[in-house]
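In this note's numbering, the protein residues as written are 8 to 281.
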């Protein structure tokens, strides 16, 4: 059962004067990525085909993710009345596809797949938490708080199943670290770049992966504060099996903060956004 409904959000409180125009393109891209979770649910059902409990959980997860996309799309159409969410989503579906004809995880194991899913939920929960804390637009703030709460629950869902599979597959620490860090680098792959392109760039303009991913990332990353990055490192430590709230986690946070700033500056230079 969904924990909230789109119509329960305070849509009558939408305030266009408090909309950050630089944020709208990122919200548009996020909307179609969230809505596309139906494909990821199919992929997970294929990978975990003989685990009915997990498949049911994955279907429920996808249902909530689809609602996230629809709610974000509705908000984006309020912020930009000329934008068509459904048309943009169809363009995204036509442009970007994940391989669904599989029967095993691209991560090499089911534990690896669940580690990757935990990393995704770490990223989304931190992103929407950061948006909720920084935006002044009332509807977007309320929406992002709801989505962030869902994403933290989703993290726990995949985390619990990950531990169940760890008992069977015995994935070592270094392999968990490798999978987790590998998923971080995948944030620059075609999924988000394609989402930005199909929701913000006219179809008659060629796809430029480098500029599209930079344009999305710089708009998303500018909302983060140190407390959001600290929570990310804490969650990552839990995923890979290291003790959170330790001196090592503090060191990792300091390093990740510096890397985050450098990455943000690099994207800003590419996108030419201050």
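Heads up, the beta-carbon is just placed ideally off N, CA and C, and yes, glycines get one too. Treat the numbers as computed from the prediction; the structure is a model and nothing was measured.
What separation, rounded to the nearest whole angstrom, lies between the Cα atoms of residue 259 and residue 105?
32 Å
Taking the C-alpha atoms as reference points, what is the distance between residue 31 and residue 246?
32 Å
Just to confirm before moving on: does the CB-CB distance between residue 165 and residue 124 stay below 8 Å?
yes
Identify which residue in 200, 227, 225 has its Cα closest to the Cα of residue 214.
200
What residue range is occupied by the uninterrupted alpha helix (DSSP H) comprising residue 247?
233 to 247
Tell me, to the nearest whole angstrom, how far the beta carbon of residue 126 is from that of residue 191; I am working on the premise that it is less than 8 Å.
7 Å
Under 8 Å between the Cβ atoms of residue 287 and residue 217?
No answer is possible for residue 287: it lies beyond the span of the chain, which begins at 8 and ends at 281.
Residue 91 to residue 151, Cα distance in whole Å?
21 Å
With a cut-off of 8 Å on the beta carbons, I'd call residue 81 and residue 34 a contact; round off their distance for me.
Between residue 34 and residue 81 the Cβ distance is about 11 Å, and since that is not below 8 Å, they are no contact.
Boundaries (first-last residue) of the alpha helix (DSSP H) holding residue 163
145 to 176
Terminal residues of the continuous alpha helix (DSSP H) containing residue 287?
The displayed coordinates of the chain run from 8 to 281. Any statement about residue 287 would go beyond what the structure contains.
If contacts are defined as beta-carbon pairs under 8 Å, then residue 53 and residue 140 qualify, I think. What distance do you get, rounded to the angstrom?
No, residue 53 and residue 140 are not in contact; Cβ-Cβ is about 37 Å, not under 8 Å.
Evaluate the contact criterion for the region 163 to 177 versus the region 217 to 232: three or more CB pairs, one atom per stretch, below 8 Å.
no
With distances taken from CA atoms, which of 115, 211, 220, 136 is nearest residue 202?
220
Within 10 angstroms of the Cβ of residue 212, are there 16 or more other Cβ atoms? Answer buried if so, exposed if not.
exposed
Give the single residue among 143, 55, 17 whose Cα lies nearest to the Cα of residue 27.
143
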